[in-house]
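So the structure is just underneath, and the comments pick up after that.
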Amino acid sequence: MRVSTAEQAGSGAGLGAQRAAIEREAAHRGWELVEFCTDAAASGRSITGRPALDRALRAVEGGEADVLIVAKLDRLSRSLLDFAALMARAQQRGWNLVALDLGIDLSTPAGEFLANVMASAAQWERRIIGQRTREALAVRKAQGVRLGRPVVMSSEVSGRIAGLRRKGLTLAAIAEVLNDDMVPTAQGGVRWHPSTVRAVLRRTDGGTDG
């Protein structure tokens, strides 16, 4: 569950409403609720920097639980690319992801179909971002702006990349997250690739290929 500062004032999307929806669904399906993981006053723009979400992911991937359930998809993340990466992670590692508001349940044919549609939409979004990036670079070049000037990679960005890798995200998934958030590369570029992510990881302790 996630709630922003404003929602804590009593919005229908607040913690109480989310918890009630999850409890109803669990009772209907005969599921035992292992734990409610709550990120209070957190942004849904990214899945990073969310201690409760990290704990929930450790639970499903460590065998403590079988399903990660959210009342609303945007409580998990407002980033389509992040969500597509989480769906792929769930399918690869054998746990189920359920979003009640959109009827997403990876254990059902309909839910798997909807998940695949959203993954395709995420791929389309990545391509649109790439097209816009190329167009923006072409405009800057035409204006005489010097491109590719080396910049120093901040410890914040390198730390974020290392953190995403520790969570089990692939190099491609990490690149998608950084592109979605428009994080500049070490060379001042605006497009991350798996090879770019690998290069950063190699400059930090604990980076591995894959």
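If you're matching positions, the sequence shown starts at 1342 in the working numbering and goes up one per residue.
A virtual CB, placed ideally from N, CA and C, is assigned to each residue, including glycine.
Hey, which unbroken runs of the alpha helix (DSSP H) at 4 residues or more fall wholly within the segment 1439-1500?
1450-1483
Within the same chain, show all residues whose beta-carbon is closer than 6 Å to that of L1409, passing over the 5 residues directly before and after it, in chain order.
A1397, V1401, L1438
Would you say R1501 and T1379 are within 8 Å of each other, going by their C-beta atoms?
no
Segment limits, alpha helix (DSSP H) that includes V1524:
No alpha helix (DSSP H) contains V1524, which DSSP labels as neither H nor E.
Can you tell me whether DSSP reads V1411 as helix, strand or coil?
strand
Which word fits L1469, buried or exposed, when buried means at least 16 other C-beta atoms lie within 10 angstroms of its C-beta?
Before going further, note that residue 1469 is Ile rather than Leu in the sequence given. I1469 should be labelled exposed.
Leaving out five residues on either side along the sequence, give the residues of the same chain with a beta carbon under 8 Å from the beta carbon of R1543.
Within the same chain, R1543 has no close Cβ partners at all.
Can you tell me which of Q1484, S1496, V1498, Q1464 puts its alpha carbon nearest to the alpha carbon of A1513?
Q1464
Segment limits, alpha helix (DSSP H) that includes T1389
Careful: T1389 lies outside any alpha helix (DSSP H) and carries neither H nor E.
Can you confirm whether A1406, when its beta carbon is compared against all beta carbons of chain D, has any partner nearer than 8 Å?
Considering every chain present, this structure includes no chain D. It has just one protein chain.
Taking the CB atoms as reference points, tell me whether L1427 and A1362 lie closer together than 8 Å.
No; because the gap between Cβ atoms is not below 8 Å, this pair is not in contact.
How would you label G1452, buried or exposed, when you count the other beta carbons within 10 angstroms and need 16 or more for buried?
buried
For the alpha helix (DSSP H) that L1542 lies in, which residues bound it at each end?
1535-1543
Where does R1360 sit, in a helix, a strand or coil, going by DSSP?
If DSSP states are grouped into helix, strand and coil, R1360 belongs with the helices.
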